[in-house]
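Student: Provided herewith is a single structure, encoded as structure tokens, for subsequent inquiry.
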Ligand code: CP
């Protein structure tokens, strides 16, 4: 299957072969992401970056990825500064913006929004998060980061034990990630959440139908034991709207829990942002110097992965290798913090 010209609305689109092709391309693009090499394969192309919901990583890394491929970016953030505030429909916005650009990346708080938008556009649309639905580009970068971490540790994704913990009901990153994980072989996928925040049943069924062992637990100290990957998530407070938050401090992933329960070679991940406010039951900063913490290597993976995706959707993936040349500006080899050495 070719990704050229396709909308990327869900992780459903990616089979194992497509994932491997994308990750091979992303590996090639790591030096471009790091500012060591340059490519201009998207010179003249324009990305419209439309974020109708808050973002730091996804918006900036999509825009940076497009710029590093030689393209240009036009963007808007929030609805209040757009004509949606005057009553314009998403369909009209979509048709208009598609006349200005070659690719759209959109985030919106409503699950149905991305489909409404994609139905009205003339250019490919990439889902950067649709409410509690999906976040396919995050799942791609998460899988790429897992590949890189496992490569370093001499492990393979096939046969591994992957634990997902936190708000699995509203966390769109884990919905997309389960779909990608299910493309591998013989995994044990452990979903660790309070009852009210369990992974949607259709995703558990999908993984089971594809031959994986699926386990559920409401106790992190049991569910996270022996996992090769511990993928933590934030309680999606913006999705609760006045309901009480069903979370205890058992779900705080901190150094005490990691030292007591996690494997010595576990990979600790989080899509970020994590809630760093006092009393939050999220991934604790007391793990920041733990070498198992991969969260900043994970965010670094966002640029090459999204570059690989954009190049594929816009049909220039095959031109990347021959287009690469050294960068001429100074760039440090390494910048702290301790847990975030750049991928080589
Ligand atoms: N992981 C992620 O989607 O982060 P942002 O909300 O900052 O884009």
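In the numbering used here, the protein residues as written are 1 to 344.
Where a beta carbon is used, it is the ideal one built from N, C-alpha and C, also for glycine.
Please classify residue 100 as buried or exposed, where buried requires at least 16 other C-beta atoms within 10 Å of its C-beta.
Tutor: Numbered from its first residue, the chain shown carries residue 100 at position 100. Its Cβ having fewer than 16 others within 10 Å, residue 100 is exposed.
Student: In the DSSP assignment, what residue or residues form a beta bridge with residue 18?
Tutor: Here residue 18 corresponds to residue number 18 of the chain shown, with the count starting at 1. According to DSSP, residue 18 bridges with nothing at all.
Student: Can you give me the C-alpha to C-alpha distance between residue 129 and residue 4, rounded to a whole angstrom?
Tutor: Counting from one through the chain shown, the residue named residue 129 turns up at place 129. Counting from one through the chain shown, the residue named residue 4 turns up at place 4. Those two C-alpha atoms are separated by around 21 Å.
Student: Quick check on DSSP: helix, strand or coil for residue 219?
Tutor: The residue labelled residue 219 in the question sits at position 219 within the chain shown. Coil at residue 219, not helix or strand.
Student: If you run the structure through DSSP and keep just helix, strand and coil, what is residue 72?
Tutor: Translated into the one-based positions of the chain shown, residue 72 becomes position 72. Residue state, collapsed to three classes: strand.
Student: Do you know how far the Cα of residue 127 is from the Cα of residue 137?
Tutor: As a first step, residue 137 is located in the chain shown; it is residue number 137 there, counting from the start. As a first step, residue 127 is located in the chain shown; it is residue number 127 there, counting from the start. Computed Cα separation, rounded: 8 Å.
Student: Let me know the secondary structure DSSP gives residue 4 once reduced to three states.
Tutor: Position 4 of the chain shown, counted from the start, is the residue given in the question as residue 4. Looking at residue 4 - three-state DSSP - the assignment turns out to be coil, as it is neither helix nor strand.
Student: Beta-carbon separation of residue 160 and residue 228 under 7 Å?
Tutor: Sequence index remark: in the chain shown, residue 160 carries index 160 (1-based). Sequence index remark: in the chain shown, residue 228 carries index 228 (1-based). Yes. Within cutoff.
Student: Just checking residue 161 against ligand 1 - is the residue's beta carbon closer than 6 Å to any of the ligand's heavy atoms?
Tutor: Locating residue 161 in the chain shown gives position 161, counting from the first residue. No, Cβ of residue 161 sits at least 6 Å from all heavy atoms of ligand 1.
Student: Taking buried to mean at least 16 other C-beta atoms within 10 Å of its own C-beta, is residue 167 buried or exposed?
Tutor: The sequence position of residue 167 within the chain shown is 167, counting from 1. Buried.
Student: Spatial neighbours of residue 23 within its chain, please: CB distance less than 6 Å, with the 5 preceding and 5 following residues excluded, ordered by chain position.
Tutor: Reading the chain shown from its first residue, position 23 is the one you call residue 23. Correct list, in chain order: 144 and 147.
Student: When every heavy atom of ligand 1 is checked, does at least one fall within less than 6 Å of the C-beta of residue 36?
Tutor: Taking the first residue of the chain shown as position 1, residue 36 is located at position 36. For ligand 1, not one heavy atom lies less than 6 Å from the Cβ of residue 36.
Student: Extract the residue ranges of the alpha helix (DSSP H) inside the segment 153 to 201, only unbroken runs of 4 or more that lie entirely within it.
Tutor: The qualifying runs are 172 to 181.
Student: Which residues neighbour ligand 1 when neighbourhood means a C-beta less than 7 Å away from any of its non-hydrogen atoms? List them by chain order.
Tutor: Those satisfying the condition are, in chain order, 54, 55, 56, 57, 58, 59, 129, 135, 138, 173, 271, 272 and 273.
Student: Quick check on the burial criterion: 16 or more other C-beta atoms within 10 angstroms. Buried or exposed for residue 11?
Tutor: As a working mapping, residue 11 is identified with position 11 in the chain shown. By the neighbour-count rule (16 or more Cβ atoms within 10 Å), residue 11 is buried.
Student: Using only CA atoms, which one of 292, 61, 170 and 208 lies nearest to residue 51?
Tutor: By one-based count along the chain shown, residue 51 stands at place 51. The shortest C-alpha separation from residue 51 is found at 61.
Student: Of the residues 225, 252, 219 and 241, which one's Cα is nearest the Cα of residue 234?
Tutor: Taking the chain shown and counting its residues from 1, the one referred to as residue 234 is at position 234. Of 225, 252, 219 and 241, the residue nearest in Cα terms is 252.
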